[in-house]
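A short worksheet on the structure shown next.
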Amino acid sequence: FIGPLICGYLGEQVNWHLGFSAAGFGMAFGVIQYKLGLKHLGDAGKLKATDPAQRKNDISSLIRGVAGLLTIFAVLWVIDYAGILKITLTGVAGATGVIIVGLALLYFLFVIFFKDLSSMEKKRVVVIAILFVGAALFWSGFEQAGSSMNLFAERLTDRNIFDWEMPASWLQSVNALFIIIMAPIMGSLWVMLGARNPSIPTKFGLGLVLLGSGFLVLAWGAQYTTDGGPGVSPMWLVATYYLHTIGELCLSPVGLSSVTKLSPKPLVGQMMGTWFMGTALGNLIAGLVAGQFETLPITELFGNVATIVVVAGVVFLIFAKPIKNKLIGDIQ
1 FIGPLICGYL GEQVNWHLGF SAAGFGMAFG VIQYKLGLKH LGDAGKLKAT DPAQRKNDIS
61 SLIRGVAGLL TIFAVLWVID YAGILKITLT GVAGATGVII VGLALLYFLF VIFFKDLSSM
121 EKKRVVVIAI LFVGAALFWS GFEQAGSSMN LFAERLTDRN IFDWEMPASW LQSVNALFII
181 IMAPIMGSLW VMLGARNPSI PTKFGLGLVL LGSGFLVLAW GAQYTTDGGP GVSPMWLVAT
241 YYLHTIGELC LSPVGLSSVT KLSPKPLVGQ MMGTWFMGTA LGNLIAGLVA GQFETLPITE
301 LFGNVATIVV VAGVVFLIFA KPIKNKLIGD IQ
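Following this line, the structure appears as structure tokens:
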């Protein structure tokens with residue numbers, strides 16, 4: 001909540017270098033706070049002692065992986081420098097997306113067909129793969145907050161308060177404020193519902209529908225913008241952020257816990273890593289979508305995003321019951 005206020009003010013009103021520096025100091029303080037707070041966590045999250053030979057093998061694998069990535073980057077640089085093939089950021093982003101999807105697909109297929117798992121464990125891995133797709137779609141829309149929605153705030157929103165203009169980046173704090181307010185309420189609601197608590201795929205469907213509804217609101221507000229004319233009220237963005245926040249609270253914490261619950265015990269770490277690949281894919285798609293801000297009409301851009309995520313959410317809601325009954329079982 002405080003970060004966008006401080007960094008946004010410094011970056012927009014004083015100096016961009018100061019804004020980025022403040023962000024760096026904030027991240028450093030976050031790490032310090034985490035290290036100081038470790039003593040309060042007890043044994044939670046501590047790994048069991050690994051065999052020295054296995055540990056050595058893991059380190060060797062990590063080194064080989066890093067070396068492989070560096071080699072790929074070096075080859076791409078040589079190809080681009082020599083003029084053999086023109087490599088663009090958009091092309092790299094698109095290729096990275098294909099690689100992420102391919103790796104995730106291969107991993108899920110490998111686990112399902114070649115790992116020694118029970119029938120129920122395999123079904124639950126299928127559920128994780130389905131949730132992976134839902135999460136990627138959700139974050140591809142949600143992460144418009146720092147790109148296309150921020151541009152909307154800067155260029156198409158009236159931020160004047162008397163003779164002072166509020167920095168556009170301050171609207172980034174609205175999401176954090178709503179999380180602070182709504183997280184305890186949503187958490188209490190799930191506990192209160194008890195046995196009637198919506199299933200994991202139902203919450204994913206709700207999250208996607210709420211995200212899409214937020215973009216419908218923004219597309220509606222965008223209709224009132226004109227080139228060179230006065231901007232629209234920031235309340236259009238506030239309403240959008242509210243819907244996005246409720247959607248995030250339906251999907252994000254549930255997604256993390258569901259991966260832990262649904263994963264076969266020996267594969268929890270790998271599955272969690274694969275889950276974050278879905279988040280990475282969503283962020284990557286978000287960047288590609290935001291790149292259309294200059295070329296597509298803004299109502300069409302936000303309308304397209306809304307349509308895709310709402311349809312995906314409805315599909316999740318339609319199939320939530322069979323997924324719960326046939327693939328998930330008694331896990332909430």
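Residue 35 in this note's numbering sits at position 35 of the sequence shown, with consecutive numbering throughout. Note that beta-carbon positions come from the ideal geometry of N, C-alpha and C, so glycine has one too.
- The beta carbons of A135 and F108 sit no closer together than 7 Å.
- DSSP, reduced to helix, strand and coil, places T260 within a helical segment of the structure shown.
- V232 is bridged by DSSP to T157.
- With contacts defined as CB atoms closer than 7 Å, N283 and W170 fail to qualify as a contacting pair.
- Around the Cβ of T260, a 10 Å sphere holds fewer than 16 other Cβ atoms; the residue is exposed.
- Counting only runs of 3+ residues, no beta strand (DSSP E) is found wholly inside the stretch 250 to 319.
- By the Cβ-count criterion, G102 is exposed, with fewer than 16 other Cβ atoms from all chains shown falling within 10 Å of its own Cβ.
- Classified as exposed, F276 has fewer than 16 neighbouring CB atoms from the shown chains inside 10 Å of its CB.
- In the DSSP assignment, I328 falls outside any alpha helix (DSSP H), carrying neither H nor E.
- In summary, G8 is buried, with 16 or more beta-carbon neighbours lying within 10 Å of its beta-carbon over all protein chains present.
- Scanning the stretch 151 to 232 from its first residue to its last, the whole alpha helix (DSSP H) runs of 4-plus residues come out as 173 to 193 and 200 to 222.
- In this structure, the CA atom of L151 is about 12 Å from the CA atom of Q292.
- Around the beta carbon of W164, fewer than 16 other beta carbons sit within 10 angstroms, so the residue counts as exposed.
- Pairing K324 with S173 gives a Cβ-Cβ distance that is not under 7 Å.
- I2 counts as exposed, since fewer than 16 other beta carbons sit within 10 angstroms of its beta carbon.
- Per DSSP, H40 lies in no alpha helix (DSSP H) and is assigned neither H nor E.
- Note on H17: under 16 other CB atoms within 10 angstroms of its CB, so exposed under the neighbour-count rule.
- Here the alpha carbon of M166 sits roughly 27 Å from the alpha carbon of A183.
- In the assembly as shown, Y81 is an exposed residue. Its beta-carbon has fewer than 16 other beta-carbons within 10 Å.
- Taking the CA atoms as reference points, E294 sits about 13 Å from F302.
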